[in-house]
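Number of protein chains: 2
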Amino acid sequence: MTPRRTALVAAAARLFAERGYHGTSMADLAEALGVQKGSLYSLTESKQALLVDVTRDGAAAFGRALDSVPDEAEPLERLRRALRAHLEVVAGQLHAATVFTREWRFLEEPELTAFRVERRRYEERWRALFREASERGALRSDLDVEAAVLLVLSAANWAYTWLRPGADTASLADRFFAILLDGVRGYAPPRS
Amino acid sequence: MTPRRTALVAAAARLFAERGYHGTSMADLAEALGVQKGSLYSLTESKQALLVDVTRDGAAAFGRALDSVPDEAEPLERLRRALRAHLEVVAGQLHAATVFTREWRFLEEPELTAFRVERRRYEERWRALFREASERGALRSDLDVEAAVLLVLSAANWAYTWLRPGADTASLADRFFAILLDGVRGYAPPRS
DNA sequence: CCTACCGATCGGTAGG
DNA sequence: CCTACCGATCGGTAGG
Numbered sequence: 001m002t003p004r005r006t007a008l009v010a011a012a013a014r015l016f017a018e019r020g021y022h023g024t025s026m027a028d029l030a031e032a033l034g035v036q037k038g039s040l041y042s043l044t045e046s047k048q049a050l051l052v053d054v055t056r057d058g059a060a061a062f063g064r065a066l067d068s069v070p071d072e073a074e075p076l077e078r079l080r081r082a083l084r085a086h087l088e089v090v091a092g093q094l095h096a097a098t099v100f101t102r103e104w105r106f107l108e109e110p111e112l113t114a115f116r117v118e119r120r121r122y123e124e125r126w127r128a129l130f131r132e133a134s135e136r137g138a139l140r141s142d143l144d145v146e147a148a149v150l151l152v153l154s155a156a157n158w159a160y161t162w163l164r165p166g167a168d169t170a171s172l173a174d175r176f177f178a179i180l181l182d183g184v185r186g187y188a189p190p191r192s
Numbered sequence: 001m002t003p004r005r006t007a008l009v010a011a012a013a014r015l016f017a018e019r020g021y022h023g024t025s026m027a028d029l030a031e032a033l034g035v036q037k038g039s040l041y042s043l044t045e046s047k048q049a050l051l052v053d054v055t056r057d058g059a060a061a062f063g064r065a066l067d068s069v070p071d072e073a074e075p076l077e078r079l080r081r082a083l084r085a086h087l088e089v090v091a092g093q094l095h096a097a098t099v100f101t102r103e104w105r106f107l108e109e110p111e112l113t114a115f116r117v118e119r120r121r122y123e124e125r126w127r128a129l130f131r132e133a134s135e136r137g138a139l140r141s142d143l144d145v146e147a148a149v150l151l152v153l154s155a156a157n158w159a160y161t162w163l164r165p166g167a168d169t170a171s172l173a174d175r176f177f178a179i180l181l182d183g184v185r186g187y188a189p190p191r192s
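Dropping the structure here:
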C-alpha cells in the first residue's frame with residue numbers, strides 16, 4: 001500500500017463518516033487530496049473498493065482489540081478489558097469505526113455477506129467472554145446472558161456517536177462497566 | 001395531510017431507512033408509489049422536505065412514548081416503563097425510528113439545529129427520570145448517573161439495528177432493564 | 001398525474 | 001497526475 005493510497009483510504013474514512021458513503025463523491029475525495037477526480041483511479045479501482053478497504057480496516061482494528069485481552073486474566077477482568085479495548089478503537093480510529101458501524105450496509109456482494117459473517121464472529125467472541133465468565137461462576141446464576149451481550153454491544157456500537165478522540169476512554173469504559181457489573185439499584189439485589 | 005401525501009411520507013421513511021437518504025432517489029420514491037417522478041412535486045416541495053417530515057414523525061413518537069409513562073408510578077417503575085415505551089416505538093415504527101436515529105444528520109438548516117435541540121430535550125427527560133429516582137433513594141448512592149443514562153440511551157438508540165416488529169418488545173425491554181437494575185455480577189455488590 | 005425537459009453532477013475512462 | 005470526455009442519473013420544473 002503506497003502512501004498516496006493510504007492517504008486516499010484515510011480521506012475516504014473521514015468523508016464517508018462525515019457525509020455518508022452516498023453523500024460523498026469522488027470529486028469530494030479528489031478535493032480532499034488536492035488532485036483531479038480522474039487521478040484517483042490510479043489509486044483505487046472504484047469508490048466501492050474504498051468502502052471495502054475502510055470497513056476492513058475497522059474490522060481488523062476491532063479484532064485486534066479483542067486479541068489484546070489477556071487470556072490468563074480473570075473472567076470479569078477480561079470483560080472489562082474487552083470493553084476498554086473496543087472503546088479505545090472507537091476513540092482512536094473514529095472515522096473507520098463510524099464507517100464500520102454505520103456505512104457497511106452499502107457494501108456490495110460478495111463483501112456484504114463477508115462483512116456480516118465477520119461481524120457475527122466478533123459478536124460471538126463477546127458471547128464467549130460472557131459464557132466463560134458464567135461457567136467460571138463470575139456471573140449471577142440467573143443472568144440473561146443474551147440480553148447482557150446485547151446491552152454491552154449496544155453501548156459499544158453506539159459509542160461512535162458521542163465518544164470524542166480526546167476523551168479519557170479507559171475511564172469511560174470503566175464507568176460503563178461498573179454499572180454493567182452491579183446495576184443501578186439502591187439496595188442489594190435479591191439472591192435467587 | 002392527504003392520504004397520498006401520507007403514503008409518500010411512509011414510502012420515504014421506508015426507503016430512507018433501507019437505502020439511506022442519499023441512496024434514495026425521487027425516482028425510487030415515485031416507483032414505490034406507482035407514479036411518475038414529476039408527479040411527486042404536487043405532494044412535497046422537495047426530497048429534503050420529506051426527510052423533515054419523517055424525522056418529525058420519529059421525534060413525535062418518541063416524545064409520546066415518554067408522555068405515556070405515568071407520573072404517579074414509583075421511580076424504578078417509571079424507568080422500566082420508559083424503556084418499554086421507547087422500544088415499542090422502535091418496533092412499531094421501525095422505519096421512522098431508523099431515519100430519526102441514523103439519517104437525521106442529512107437535515108439542512110434550520111431543521112438540523114432544531115432536531116438537535118429536540119433530541120437533547122428528549123435525553124434530558126431521561127436524565128430527569130434518573131435524577132428523580134436518585135433523589136427518591138431508588139438508586140445506589142454512589143451511582144454514576146451520567147454513565148447510566150448513556151448506557152440506557154445506547155441500548156435504546158441501537159435497538160433499530162436488531163429489534164424486529166414481530167418481537168415481544170415489552171419482554172425484551174424488561175430483560176434489558178433487569179440487567180440495568182442489578183448488574184451481571186455473581187455476588188452482592190459491596191455496599192459503600 | 002403525465003410528458004418532456006432543464007442544468008448539474010454522478011462514477012468512471014481514454015489518452016497522454 | 002492532468003485534460004477532456006462518456007452515458008447515466010440526479011433533483012427539480014413547465015405546461016398541460
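Taken in order, these protein sequences are the chains called U and D.
Note that the first sequence covers residues 1 to 192 in our numbering.
Note that the second sequence covers residues 1 to 192 in our numbering.
C-beta atoms are modelled at their ideal positions from N, C-alpha and C, and glycine is treated no differently.
These numbers were taken from a predicted model, which means no experiment stands behind them.
Problem set entry | Candidates U/T44, U/E45, U/A27, U/L43, of which the one nearest U/K37 by Cα | Here the question's residue 37 of chain U lines up with position 37 in the first sequence. Comparing Cα-Cα distances from U/K37 to each of U/T44, U/E45, U/A27, U/L43, the minimum goes to U/A27.
For this session: Report yes if the C-beta of U/A17 is less than 7 Å from at least one heavy atom of the ligand SAM; otherwise report no.
Result: The model depicted lacks the ligand SAM and carries no ligand whatsoever.
Exercise. In chain D, which residues lie less than 7 Å from U/A138 when you measure between Cβ atoms?
Worked result: Locating residue 138 of chain U in the first sequence gives position 138, where the first residue counts as 1. What U/A138 touches in chain D: G186.
For this session: Give a yes or no on whether 8 Å exceeds the smallest Cβ distance from U/G183 to chain D.
Result: Taking the first sequence and counting its residues from 1, the one referred to as residue 183 of chain U is at position 183. Chain D, which has a Cβ nearer than 8 Å to the Cβ of U/G183, makes this yes.
For this session: Leaving aside the five residues before and after D/V69 along the sequence, list all residues of the same chain whose C-beta is less than 6 Å from its C-beta, in chain order.
Result: What you label residue 69 of chain D is simply residue 69 of the second sequence in a count that begins at 1. Counting only residues of its own chain and dropping the five nearest sequence neighbours on each side, D/V69 has a CB closer than 6 Å to the CB of R78, R81, A82.
Problem set entry | Classification of U/W197 by the beta-carbon crowding that lies within 10 angstroms, buried from 16 upward | Since the first and last residues shown for chain U are 1 and 192, residue 197 of chain U lies out of range.
Exercise. Just curious, the alpha helix (DSSP H) that U/K47 is in, first and last residue?
Worked result: Against the first sequence, residue 47 of chain U aligns to sequence position 47. Annotation: the continuous alpha helix (DSSP H) that includes U/K47 extends over 47 to 67.
For this session: Have a look at D/A203 and U/P3 and give me their C-alpha separation to the nearest angstrom.
Result: Any question about residue 203 of chain D goes unanswered here, given that chain D covers just 1 to 192.
Exercise. To which residues of the same chain is D/P190 closer than 6 Å at the C-beta, ignoring the five residues directly before and after it?
Worked result: Here residue 190 of chain D refers to the residue found at position 190 when the second sequence is read from its first residue. For D/P190, the pLDDT reaches just 48, beneath the cut-off of 50, and the residue's location in the model is therefore unreliable, although a value from the coordinates is still provided. Hits under 6 Å: none found.
For this session: Could you have a look at D/R185 and say whether DSSP puts it in helix, strand or coil?
Result: Here residue 185 of chain D corresponds to residue number 185 of the second sequence, with the count starting at 1. D/R185 falls in the strand class under three-state DSSP.
Exercise. At a Cβ threshold of 8 Å, is D/G23 touching chain U?
Worked result: Taking the second sequence and counting its residues from 1, one reaches residue 23 of chain D at position 23. Using a CB distance cut-off of 8 Å, D/G23 counts as an interface residue toward chain U.
Exercise. Along chain D, in chain order, which residues have C-beta atoms closer than 8 Å to that of U/R119?
Worked result: Position 119 of the first sequence, counted from the start, is the residue given in the question as residue 119 of chain U. Under the 8 Å cutoff, chain D gives no residues; its nearest Cβ is about 11 Å from U/R119.
Exercise. Is the Cβ of U/G20 closer than 8 Å to any Cβ of chain D?
Worked result: For this step, residue 20 of chain U is matched to residue 20 along the first sequence. Yes, U/G20 lies at the interface with chain D (some Cβ there is under 8 Å from its Cβ).
For this session: Give every residue of the same chain whose Cβ lies closer than 6 Å to the Cβ of U/T169, excluding the five residues on either side of it in the sequence, and list them in chain order.
Result: As a working mapping, residue 169 of chain U is identified with position 169 in the first sequence. If you ignore the 5 residues before and after U/T169, its C-beta comes within less than 6 Å of the C-beta of L87, E88, A91, all in its own chain and listed in chain order.
For this session: Determine, using beta-carbon pairs with one atom in the region 99 to 109 of chain U and one in the region 16 to 27 of chain U, whether at least three such pairs fall under 8 Å.
Result: yes
For this session: Establish whether the CB of U/P189 and some CB of chain D are separated by less than 8 Å.
Result: For this step, residue 189 of chain U is matched to residue 189 along the first sequence. Any answer about U/P189 is weak, because its pLDDT of 48 lies below 50 and its placement is not dependable; what the coordinates show is given next. So yes, U/P189 belongs to the interface.
For this session: From the DSSP output, in three-state form, read off U/T139 for me.
Result: Residue mapping note: residue 139 of chain U aligns to position 139 of the first sequence, counting from 1. It is worth fixing the name first, because residue 139 of chain U is Leu in this sequence and not Thr. Three-state DSSP puts U/L139 in a strand.
Exercise. Taking contact to mean at least 3 C-beta pairs separated by less than 8 Å, is the region 43 to 57 of chain U in contact with the region 1 to 15 of chain U?
Worked result: yes
Exercise. D/L150: which of U/L180, U/R140, U/F130, U/A138 sits nearest, CA to CA?
Worked result: Locating residue 150 of chain D in the second sequence gives position 150, where the first residue counts as 1. Residue U/L180 is the option with its Cα nearest to D/L150.
For this session: Going by CA-CA distance only, name the one from D/V35, D/F16, D/E31, D/R119 that's closest to D/L62.
Result: Within the second sequence, the letter at position 62 stands for residue 62 of chain D. Reading off the sequence, residue 62 of chain D comes out as Phe, not Leu. Per the Cα distances, D/R119.
Problem set entry | Separation of U/L76 from U/A147, as counted between CA atoms | In the first sequence, the residue the question calls residue 147 of chain U occupies position 147. In the first sequence, the residue the question calls residue 76 of chain U occupies position 76. So the alpha carbons of these two residues sit roughly 17 Å apart.
For this session: Would you verify that the beta carbon of U/F106 is, or is not, closer than 8 Å to some beta carbon of chain D?
Result: Numbered from its first residue, the first sequence carries residue 106 of chain U at position 106. U/F106 has a beta carbon lying within less than 8 Å of a beta carbon in chain D.
Exercise. For U/L66, which of U/G166, U/R125, U/A133, U/A167 has the nearest alpha-carbon?
Worked result: Here residue 66 of chain U is taken as the residue at index 66 of the first sequence, counted from 1. The shortest Cα separation from U/L66 among U/G166, U/R125, U/A133, U/A167 belongs to U/R125.
Problem set entry | Chain-ordered residues of the region 154 to 169 of chain U with a beta carbon less than 8 Å from chain D | S154, A155, N157, W158, A159, T161, W162
For this session: Would you mind telling me which residues of chain D sit closer than 9 Å to U/S39, beta carbon to beta carbon, in chain order?
Result: By 1-based counting over the first sequence, the position of residue 39 of chain U is 39. None at all; the shortest Cβ gap to chain D is about 24 Å.
Exercise. Closest to D/S171 by CA distance: which of U/D144, U/T24, U/G183 is it?
Worked result: The residue labelled residue 171 of chain D in the question sits at position 171 within the second sequence. If we check each option's Cα against that of D/S171, U/D144 comes out closest.
Exercise. Mind listing which residues of the region 58 to 75 of chain U have their C-beta closer than 8 Å to chain D's C-betas, in chain order?
Worked result: none
Problem set entry | Distance between U/R164 and D/Y41 (C-alpha atoms, nearest Å) | Taking the second sequence and counting its residues from 1, the one referred to as residue 41 of chain D is at position 41. Taking the first sequence and counting its residues from 1, the one referred to as residue 164 of chain U is at position 164. CA-CA distance, D/Y41 to U/R164, rounds to 41 Å.
Exercise. In the structure shown, what three-state DSSP assignment does U/L15 receive?
Worked result: Working through the first sequence from its first residue, we reach residue 15 of chain U at position 15. Helix at U/L15.
Exercise. Excluding the five sequence neighbours on either side, which residues of its own chain have a C-beta within less than 6 Å of the C-beta of U/Q93, listed in chain order?
Worked result: In the first sequence, residue 93 of chain U corresponds to position 93, counting from 1. Apart from sequence neighbours up to five positions away, the residues of its chain that approach U/Q93 with a beta-carbon distance below 6 Å are A61, ordered along the chain.
Exercise. Mind pulling the chain U residues with CB within less than 9 Å of D/R102?
Worked result: If you number the second sequence from 1, residue 102 of chain D lands on position 102. The contacting residues are R102.
Problem set entry | Spatial neighbours of U/F16 in its chain, beta-carbon cut-off 7 Å, leaving aside the 5 residues before and after | The residue labelled residue 16 of chain U in the question sits at position 16 within the first sequence. For U/F16, where only same-chain residues beyond five positions count, the Cβ hits under 7 Å are T24, L51, V54, V99, E103.
Exercise. Taking a cut of 9 Å between CB atoms, which residues from the region 120 to 132 of chain U lie near chain D?
Worked result: F130
For this session: Show which residues of chain U have a CB atom less than 8 Å away from the CB atom of D/L151.
Result: Position 151 of the second sequence, counted from the first residue, corresponds to residue 151 of chain D. By Cβ distance, chain U contributes L151, A155, F176, I179, L180.
Problem set entry | Option nearest D/A129 by Cα separation, candidates D/F176, D/A178, D/A30, D/E74 | Counting from one through the second sequence, the residue named residue 129 of chain D turns up at place 129. Rather than Ala, the amino acid found at residue 129 of chain D in this sequence is Leu. The residue with the shortest Cα to Cα distance from D/L129 is D/E74.
Exercise. Between which two residues does the alpha helix (DSSP H) carrying U/T98 extend?
Worked result: Counting from one through the first sequence, the residue named residue 98 of chain U turns up at place 98. Unbroken alpha helix (DSSP H) run through U/T98: 94 to 98.
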